Amino acid sequence: MKRFLILLVLLLLTAGLMAVEFDGATIMKMAINLNTKINDSGRVIPDTIEIPGTDRSVSMEEALYLVAKWMAIYGANGEKIGQLPASVPYIEVKAPQKQLQGEIGGMINWPDIYEVSRQITAKLEADPLIPSQVEFLLNGESMAVMTPDILLYVLTRSVSWVNDNGSMPNYASLREVSGPANWPPVEKAAPEVIEKIPGSEGEIRAVWAWSTDFISYGVDRAVNELKEAGFTDVFLLVKGTAGQVSWPSAIAYEKIDDTTILEKTVAACREAGLRIHAWFVVNQDQAYLKRFPQSKMWGVPIEEGADPQKAGSTVEFVQDTRYREYLVDLMKEVIILYDVDGIHLDYIRYPTGAWGWGPYNIGRAWLEGLDVDFLMETAKETWSSVGDNKKFIDLYRQFTYFDINRWVEMRMDDIRAFTEEIKAGIESMKPEIIYSASLMPEGGDIDAASNGFAMVHYGQRYADFGELCDIVIPMTYHLDFGEKANWVADVATGTRDVMMSDTKVVMGIQAYDLSPAELQKAIYYARGAGADGIMFFRFGTLFGNENLKNAMLEAFK
């Protein structure tokens, strides 16, 4: 009898352990804390993480199951806005015996984050050993694999996004991380042999630089190293999304703490013989919107019967002439004070097709005789919480729906008009100024489907920029867009085809979250396609990573 009771107690204890559950909110907080730890450590996954509100820690293999299970439960309804789990079960999980390199870069869309969460948790419930690779749908198009450590980072970032925004992100990019100490290192494929293509004579070699990059690195040191490396142009961010400017402006609403950075950079570039361009974020300005909140851009309602969305940073620039005049006045002030070589436009576009649905935009469409009810209903079927993200774009590509195509054309005309307005203002101060713009890359893609996507979302008609600008820079960050490096060449070719003959085509190169080999491939594909130059985003990530910096220097030899 005693032996039976002991056995019964052991069985009950085992059953109790098997039935452990954690509160869903607790696991959500654990995932957020884990994501913070990974980011703060330079993307190194810790060995363990504490369960908030308990005296217990779990291993990363257990954390992977818990976060994936949380995500699978949250997404059970198949909607972008899921149902927060009441509880999440715990099971013992074993670390992977090996990790085989999969995709780095590219994206996994939110429905596929749900799907991979369901698949990995079901597998671990059947066999607790974490696999060496996890299969998923890359960019919503083709099956691929990623390592478990990258999956864990995708999931923690996605949970953090849900916490901050109340819904899933549109996608998560695949970013390389270092796994916990008890996980085997990733077994990588043999290095690829890359054919070097030298730069042509007069090649533009440029870099985007945040003010904080130069402040932390030191302006003189940064500019001197750029000169020694063979760079020709520096594009310094002087007004970003926050609306704070980097010079002691007499008219700006807000300034950064160190307002000497533009003056110092101009002086250093003059000494080094580098061209200096003032880089402005065009469609966003939080400082301006603090004073004029009525100027926030309107978006498609998320839910049926809900009020339209209001942007946090994006200005209703089409209607708000005061903002457009203010922006041009800032640019004129920079030209007067510092005689910069160029003015560079960033975010000279609509954010996405879901934005720009305010009373002014709808009213002018109505005045043109467009069916605004049809337009809004199609927009909601595309971009609301239950939208498919495709319908409006698909109808535009068919070129049989006049109202859809005219709506998109009006948005393109808006972007052209704003670009013309800025050009007239700055050239009135300095006719020879170099005028440039960074563009979303899909608009230059030789693939017609990608081009249509860009027209609907951004309104950036490449031919307009080729006519108005001296330099255009398609932002071909290939891994972030889920593409191979040869895509840089495709966009370079498509861009050149619609440009004026004297417009320079400079390819924006990803210089973050990629290997040295990928960086070099992007450079060589841009050169092979006949681009007039290359431009790196950004100084801090390029010069702050010795491996990437050395790869760049090798390509410049």
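Residue numbers (our numbering): 1 to 557.
Beta carbons: idealized from backbone N, C-alpha and C, even for Gly.
All values reported here derive from a predicted model rather than from experimental measurement.
The C-alpha of residue 170 is placed about 22 Å away from the C-alpha of residue 375.
In the DSSP assignment, residue 50 falls within the beta strand (DSSP E) that extends over 48-50. Relative to residue 418, the option among 407, 468, 370 and 188 whose CA is nearest is 468. Annotation: residue 540 is outside any beta strand (DSSP E); the continuous alpha helix (DSSP H) that includes it extends over 539-543. For residue 155, the enclosing alpha helix (DSSP H) has its first and last residue at 148-165.
Distances from the CA of residue 131 to each of 137, 149, 143 and 142 were compared; the closest alpha carbon is that of 149. As DSSP reads the structure, residue 70 sits in no beta bridge. DSSP lists 171 as the bridge partner or partners of residue 109. Setting aside the 5 residues that flank it on each side, residue 319 is surrounded in the same chain by 360, each with a C-beta closer than 6 Å to its C-beta; the list follows chain order.
Where residue 178 is concerned, there is no enclosing beta strand (DSSP E), because DSSP gives it neither an H nor an E. Assignment of beta-bridge partners to residue 513 by DSSP yields no partner. With fewer than 16 other Cβ atoms inside 10 Å of its own Cβ, residue 86 counts as exposed. Residue 550 is positioned such that its CB atom lies closer than 8 Å to that of residue 516. Residue nearest to residue 536 within the set 528, 548 and 256 is 548 (criterion: CA-CA distance).
Looking at the DSSP output, residue 277 bridges to 235 and 342.
Counting along the chain, residue 397 sits inside the alpha helix (DSSP H) bounded by residues 391-398.
Taking the CA atoms as reference points, residue 393 sits about 36 Å from residue 64. Contact between residue 143 and residue 103 does not hold, since the beta-carbon distance rounds to 10 Å and is not under 8 Å. DSSP, read as helix, strand or coil, puts residue 521 in helix. Excluding five sequence positions before and after residue 531, the CB atoms of its chain that fall closer than 7 Å to its own CB belong to 492, 505, 506 and 507, given in chain order. For residue 534, the three-state secondary structure derived from DSSP is strand. Below 8 Å, too few C-beta pairs join the segment 234-249 and the segment 350-359 to call them touching: fewer than three. Within its own chain, the residues whose Cβ lies closer than 7 Å to the Cβ of residue 241, once the five positions on either side in sequence are excluded, are 281, 284, 286 and 313, listed in chain order. As DSSP reads the structure, residue 467 sits in no beta bridge.
Counted as a single uninterrupted DSSP element, the beta strand (DSSP E) harbouring residue 89 occupies residues 87-89.
Check the Cα spacing between residue 495 and each of 395, 107 and 476: the tightest is with 476. In the structure shown, the three-state DSSP call for residue 349 is coil.
Residue burial is scored here from C-beta neighbours: residue 168 has at least 16 other C-beta atoms within 10 angstroms and is therefore classed as buried.
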